[in-house]
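Numbering (our numbering), first residue to last: 7 to 242. For glycine and all other residues, C-beta sits at the position ideal for the given N, C-alpha and C. Bear in mind that the values here come from a model prediction, so they are computed numbers and not experimental data. A short write-up of the structure that comes next.
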Ligand code: SAH
């Protein structure tokens, strides 16, 4: 037993520099993608590659940086979280982006999901309901040089009518049921990836077929922060 314990220590001691410092982030991002996302069945090479190249630690508060590439969601302040890497990889791959799409994201949070999307499509329009997070993610994305992401402080239930229709929609907070405006603002043939539910949530891929018919496919049970309504009206 003691022997196993000592071996474990040696292992942690060797691995520690890889996981605790952020200067080796490209290696950590690669390990994250290979060990957390690929092994769970996400196969889209473009998505995997972009996630290997996206500095996740830049999107989390300083005290969370050592944990940036770990297999879990992390707090980003204001009771919100950046999603687990696997969930980001899975949801992104479910959108089946080809590169020329206009994508709507609801729930900007840290801006990490938007950053991943921005390299896989033409433009990302992302809405965040908390002003502080909208301001912060916009600044982070600008600092890192992302120039095809548009962040708006607003209520995701309304979508972004001025920019609609969208080729794809991704929602990263869970509404109790599908918000009708998000489906309305989706192009025919477009895909909407969304967690739906309250205590029990499921990840859905919704496709808009000819004539506005909805095709729904449930993927896995998930756990997201709730998609909320604004407490006060948000100025236009
Ligand atoms: N995609 C984010 C993680 C999102 S966490 C990332 O990569 O970091 C969910 C976010 O949805 C939170 O920031 C929360 O404030 C936001 N949110 C909740 N309800 C919303 C609504 N109605 N409209 C827009 N954003 C909402």
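Heavy atom of the ligand SAH within 7 Å of residue i beta-carbon
i	result
residue 105	no
residue 191	no
residue 124	no
residue 99	no
residue 169	no
residue 118	yes
residue 134	yes
residue 139	yes
residue 74	no
residue 161	yes
residue 211	no
residue 179	yes
residue 78	no
residue 224	no
Sequence-distant residues of the same chain with beta carbon closer than 7 Å to residue i, five excluded per side
i	result
residue 202	180, 181, 183, 184, 208, 210
residue 10	none
residue 229	207
residue 152	121, 124
residue 46	92
residue 170	191
Span of the beta strand (DSSP E), counted from its first residue to its last, around residue i
i	result
residue 111	108 to 112
residue 81	80 to 83
residue 198	192 to 203
Spatial distance of residue i from residue j (CA atoms)
i	j	result
residue 116	residue 141	10 Å
residue 54	residue 41	11 Å
residue 139	residue 159	9 Å
residue 93	residue 13	32 Å
residue 108	residue 68	32 Å
residue 238	residue 163	14 Å
residue 34	residue 161	35 Å
residue 156	residue 174	15 Å
residue 227	residue 198	16 Å
residue 187	residue 167	9 Å
residue 26	residue 72	At residue 26, the pLDDT of 48 sits below 50, so the modelled position is not reliable; the number obtained from the coordinates is stated separately. Those two C-alpha atoms are separated by around 5 Å.
residue 36	residue 30	10 Å
residue 216	residue 195	7 Å
residue 128	residue 106	5 Å
Best match in the options for proximity to residue i [C-alpha to C-alpha]
i	options	result
residue 58	226, 229, 189, 74	74
residue 193	240, 126, 110	110
residue 235	133, 17, 219	133
residue 102	79, 126, 85, 119	126
residue 165	50, 131, 82, 143	131
residue 66	51, 52, 87	87
residue 189	61, 220, 204	220
Beta carbon proximity, residue i to chain C, threshold 8 Å
i	result
residue 124	In summary, chain C is missing from the structure at hand, where a single protein chain is found.
Opening and closing residue of the alpha helix (DSSP H) in which residue i lies
i	result
residue 137	137 to 149
residue 124	118 to 124
Nonlocal neighbours in the same chain, by C-beta distance under 6 Å from residue i, ignoring five residues either side
i	result
residue 147	117, 155
residue 48	95, 96, 99
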